[in-house]
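Chains as they are written, first to last, in our numbering: chain A, -7 to 85; chain B, 92 to 236.
Taking it in order: structure first as structure tokens, then the write-up.
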Amino acid sequence: MPVKVIIPTPLRPFAGKRENVEVSAATVGEALASLIAQHGDLRRHLFADDGRLRSFVNVYVNDDDIRYLQKEKTPVREGDTISIVPSIAGGRA
Amino acid sequence: MSLRVTAEIAEQIRALGAAGYPHEICGALLGRDADEAREVVALFPLDNRQEDSPRNRFSVTADDVRSAERAAHAQALEVVGWYHSHPDHPARPSEFDREHAWPWYSYIIVSVAAGAAEEITSWRLEDDRSSYQAEALEIAARARS
């Protein structure tokens, strides 16, 4: 079913400069896979080499963080909005 | 590729870095991005959420990022990057910085030695995540209109 994925500003250059991308999916994991299939350059920024979502990539379904739902198995319904929201980290060592 | 900041904002970042020493301080850079002419016109200071090692790490939550974006949009600006301090360490990105960086954003680093702010630099992550590219930091007397 169609759901909208909101792309954060720093990743828009890798998604055809689009603010959102429509995908067809039943779960968050399927939605992200479909997003990557459309825009392959997003992969390295969203997923680590082991295939897991990077720790500073946060995914929300509507206003809910998927870490507190069923993570990438979280179901999505038609009309849901998936948001990719950065968290920021760094430091001298 | 360059980042324009006013002398006042550069001084604010240095002052925040010195005031927060020996901990790392951090916040968002609010401004405008027009291809090659990126400009910072305001800061949005944030708490360093890294409670276990604030002397050598900083972190900002997704909710903090959303707050910064709301503050930017309220001023018809956008979040163009982030600043943080390196206490007793050069203003160069670490491997930890690179691993956690996002593309496109400008990352300003201020070095703070024994409580006194020193060098201030800016960096952008390469699109393939392999390294940081130094970004010319243009310190201007005032913002563009």
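Cβ coordinates follow ideal geometry from the N, Cα and C atoms, glycine included.
Bear in mind the structure is a predicted one, so any value in this text is a computation, not a measurement.
Alpha carbon of residue i to alpha carbon of residue j, nearest angstrom
| i | j | result |
| --- | --- | --- |
| V49(A) | R233(B) | 35 Å |
| Y198(B) | T97(B) | 16 Å |
| V203(B) | E11(A) | 37 Å |
| A18(A) | I74(A) | 12 Å |
| V171(B) | L120(B) | 6 Å |
| A101(B) | Q62(A) | 43 Å |
| R220(B) | P5(A) | 14 Å |
| A110(B) | P178(B) | 11 Å |
| D57(A) | G108(B) | 32 Å |
| S26(A) | V13(A) | 10 Å |
| E70(A) | W195(B) | 31 Å |
Collapsed DSSP secondary structure at residue i in the structure displayed
| i | result |
| --- | --- |
| P113(B) | coil |
| S93(B) | strand |
| E160(B) | helix |
| E226(B) | strand |
| E190(B) | helix |
| E11(A) | coil |
| I80(A) | strand |
| D33(A) | helix |
| A165(B) | helix |
| E99(B) | helix |
Contacts that residue i makes with chain A (C-beta to C-beta distance below 7 Å)
| i | result |
| --- | --- |
| S158(B) | Per Cβ cutoff of 7 Å: no residues; S158(B) is ~11 Å from chain A at best. |
Residue i: contacting residues in chain B (beta-carbon distance under 7 Å)
| i | result |
| --- | --- |
| N50(A) | A153 |
For residue j and residue i, believed in contact at Cβ under 8 Å, the rounded distance
| i | j | result |
| --- | --- | --- |
| L216(B) | R189(B) | 7 Å |
Under 8 Å from the C-beta of residue i: neighbouring residues of chain B
| i | result |
| --- | --- |
| H37(A) | W193, P194 and R220 |
Neighbouring residues, chain A, relative to residue i (Cβ below 8 Å)
| i | result |
| --- | --- |
| H177(B) | G83 and R84 |
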